[in-house]
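In this text, residue positions in the sequence shown follow the UniProt record's numbering: the first is 1, and each later residue adds one.
The beta carbon of each residue, even a glycine, is placed where N, CA and C say it ideally should be.
A quick write-up on the structure given underneath.
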Amino acid sequence: MKVGKIIETQQPGIHKQLNKNKKHNNKKRRRGKQEENLSFSDVAELMQHDSYCRGRGGRIKQRTWGK
1 MKVGKIIETQ
11 QPGIHKQLNK
21 NKKHNNKKRR
31 RGKQEENLSF
41 SDVAELMQHD
51 SYCRGRGGRI
61 KQRTWGK
């Protein structure tokens, strides 16, 4: 049996309040996330650093800290 079901049967008021808070927190969490529209030149400019290299097959890879 899940904890949510136990609380719902024993303390329905508190269960309703917790669910209400959960929904409210989810709305707050999503508030700052916006889609970034970066062009190809923006991405290329951001990647002009030694931490990126061409791997096998021509793909671009990010280098690890140790290498």
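Q11 - DSSP class collapsed to helix/strand/coil: coil
Sub-8 Å separation of R63 and S51 beta-carbons: yes
Between the CA atoms of Q48 and K20 - distance to the nearest angstrom: 46 Å
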